Ligand code: ADP
C-alpha cells in the first residue's frame, strides 16, 4: 500500500471531462480544500440555526416583536411552520456534510492508490472537523446568543428555503407521511419546561433542602390552585350573614358587628335573590357623616354590585375577574340559580398562602396525636388527606369531610357515631341540628396485606352505636 502522497500519483495534470481544461493537481487540492472550508462554514450555519431557532422561547420572540427588532418578523414567519423549518435546516446540513465527505474522499484519492485509505481518512477526518467546527462550536455560540443569532440567520435561512425548494417540499411531505405511519404527532417544538417538570423540581428542591418547607408548600398550593373550584373554598349558605334590602342601616351595621364581617350581602325576599353587598365602612360613614338626613337614608342606596358565579368556576379565573372588577366578594349559585354560599378574596388567597385565622378563630384541623386529628366539618377532604397522609376519596360529589361522612352514612348522623373507611376511623364529635360540625379522624394500623379490605368490597355502612 503506497502511503506516500508523492509516490501514489505521480502525474500532475488532470483534464476535467466536461470543460476539457487541464488542472494542476495542487490547484485541484487547493480548490477542494477551499470548498471544504466553505462547506464547514455552511454546516456551522445550519447547526447554529437549529439551536437558535428552536431554543428561542415563544415569549422572547414576542418580546422581540414588541421591541420591533429588525428581522424578528422573519424569525416568527419561519417559526410559524416549525416542521418546514426543521426540514430546511436538516436538508441543508446533511447536504453540506455529505458533500464534504465525498469531496474529501475524492481529494484524498488523488494521493492514495488504495481506495480504502481515502475512505477511512475522510470518514474520521471529516467527522472530527464537522464535530468540532460544524457542530460543537457553532451550537455553543448559538445557545449563548439565541436572540441575536436567530435574527442574523433568518434571511440566509429563508434564502436556503428558496434555493432548495424542491428538495424541501419533497422531504417535508415524506417526513410527514412517515410520522403519520409510525403514529408520531411530528411535534417538533415542545414547551421549554413542562408543568410536571416544574412540579418535580419543587419536590426535589425540598428534598435537597434548596426550598424551605413553607416555600415548598406555597409553591405546591399554587400548582393546585388552578384545579380548585369555587365550591371548595366558599363559605356555605348556612354560614352566610346577610341583610334584607329593607332593613334599616343601623340594623345592618349591627349585623356586621355581631358577625364580625365587614361586608354583607343584601337580598330582596330571600337569600336566592342577592342584590349586592354593603360594606360597614360605607354604612357608618353615610349614617354619621353623610349629607342626607338619617331618616332618608336607605340601605339600597349603599349597595355595591357583586358577581354571581357558578360553584364550578375555577378560583384562578374568579380571582382575576374580581381583581379586575375591584370586588372582594362574590355570590356562589348552583345550576338552578339557588344561592349556595359566598366567596371572598381571602378565601381564594388562603388557598395559596394557607389558612388566615383571626382573633379567636379555631384551627380548622387540630392535631391531637400523630395519628389523630379533630377537624371542622367544612374542611376539604384534600386538606385532611394531607394532614393525616391518608387517601379518602376526593373530587366526588362532596368536597368536605362532613359531606363525606354524610355520603357514606346515607342518612343524617348523630354525635358519637363511627365509620371506618380504608384504614381511617371517623368519629362524629359535634352535630348541630342536621349539620356535622366536628369529626375526629384516626389513622388505624394498616391491616396486613393478606387480610381482606372490607371497605373495598361493599359500600361502607356507618357502624352506628345508637341504633
Ligand atoms: P371579613 O374580614 O369581613 O370577615 P374576609 O374577606 O377577610 O372578610 O373573609 C374572611 C372569611 O369570612 C372568609 O372565609 C369569608 O368567606 C367569610 N365571610 C366574609 N363575609 C362574610 C359574610 N357576610 N357572611 C359569612 N361569611 C363571610
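Numbering (my numbering), first residue to last: 393 to 859.
Just so you know, even glycine gets a beta-carbon here, dropped at the ideal spot from N, CA and C.
Every value quoted in this text rests on a predicted model; they were computed, and no experiment measured them.
From the DSSP output, in three-state form, read off residue i for me.
{"i": "residue 635", "result": "strand"}
{"i": "residue 772", "result": "strand"}
{"i": "residue 427", "result": "helix"}
{"i": "residue 588", "result": "helix"}
{"i": "residue 416", "result": "strand"}
{"i": "residue 706", "result": "strand"}
{"i": "residue 557", "result": "helix"}
{"i": "residue 803", "result": "coil"}
{"i": "residue 761", "result": "strand"}
{"i": "residue 722", "result": "strand"}
{"i": "residue 813", "result": "strand"}
{"i": "residue 467", "result": "helix"}
{"i": "residue 734", "result": "strand"}
{"i": "residue 792", "result": "strand"}
{"i": "residue 530", "result": "helix"}
{"i": "residue 472", "result": "coil"}
What does DSSP give as the partner residue(s) for residue i in the beta ladder?
{"i": "residue 831", "result": "767 and 820"}
{"i": "residue 490", "result": "Note: residue 490 sits in no beta bridge, so no partner."}
{"i": "residue 696", "result": "669"}
{"i": "residue 657", "result": "669"}
{"i": "residue 628", "result": "733"}
Between residue i and residue j, is the Cβ-Cβ spacing less than 8 Å?
{"i": "residue 806", "j": "residue 816", "result": "no"}
{"i": "residue 647", "j": "residue 633", "result": "yes"}
{"i": "residue 443", "j": "residue 535", "result": "yes"}
{"i": "residue 522", "j": "residue 489", "result": "yes"}
{"i": "residue 860", "j": "residue 493", "result": "One cannot answer for residue 860 here, as it falls past the ends of the chain, which runs 393 to 859."}
{"i": "residue 705", "j": "residue 622", "result": "yes"}
{"i": "residue 530", "j": "residue 440", "result": "yes"}
{"i": "residue 630", "j": "residue 827", "result": "yes"}
{"i": "residue 676", "j": "residue 656", "result": "no"}
{"i": "residue 436", "j": "residue 517", "result": "no"}
{"i": "residue 658", "j": "residue 650", "result": "no"}
{"i": "residue 831", "j": "residue 797", "result": "yes"}
List the endpoints of the continuous beta strand (DSSP E) containing residue i.
{"i": "residue 523", "result": "Premise fails: residue 523 is in no beta strand (DSSP E) and is neither H nor E."}
{"i": "residue 699", "result": "699-702"}
{"i": "residue 452", "result": "Taken as a continuous stretch (DSSP letters only), residue 452 belongs to no beta strand (DSSP E), being part of the alpha helix (DSSP H) at 450-458."}
Since residue i contacts residue j with CB under 8 Å, what's their CB separation in whole angstroms?
{"i": "residue 739", "j": "residue 835", "result": "About 28 Å separates the two Cβ atoms, so there is no contact after all."}
{"i": "residue 556", "j": "residue 483", "result": "6 Å"}
{"i": "residue 546", "j": "residue 463", "result": "5 Å"}
{"i": "residue 691", "j": "residue 654", "result": "At roughly 16 Å, the Cβ-Cβ gap does not stay under 8 Å, so residue 691 and residue 654 are not in contact."}
{"i": "residue 698", "j": "residue 669", "result": "5 Å"}
{"i": "residue 617", "j": "residue 747", "result": "Contact flag wrong, Cβ pair sits at about 15 Å."}
{"i": "residue 757", "j": "residue 771", "result": "6 Å"}
{"i": "residue 502", "j": "residue 420", "result": "7 Å"}
{"i": "residue 477", "j": "residue 466", "result": "Contact flag wrong, Cβ pair sits at about 12 Å."}
Hey, quick one: how far does the alpha helix (DSSP H) through residue i stretch, first residue to last?
{"i": "residue 668", "result": "Unbroken run through residue 668 is the beta strand (DSSP E), 666-671; no alpha helix (DSSP H)."}
{"i": "residue 625", "result": "622-625"}
{"i": "residue 647", "result": "641-651"}
{"i": "residue 611", "result": "605-617"}
Is there a Cβ of chain D sitting closer than 8 Å to that of residue i, yes or no?
{"i": "residue 778", "result": "Protein chains in the displayed structure number just one, and chain D is not present."}
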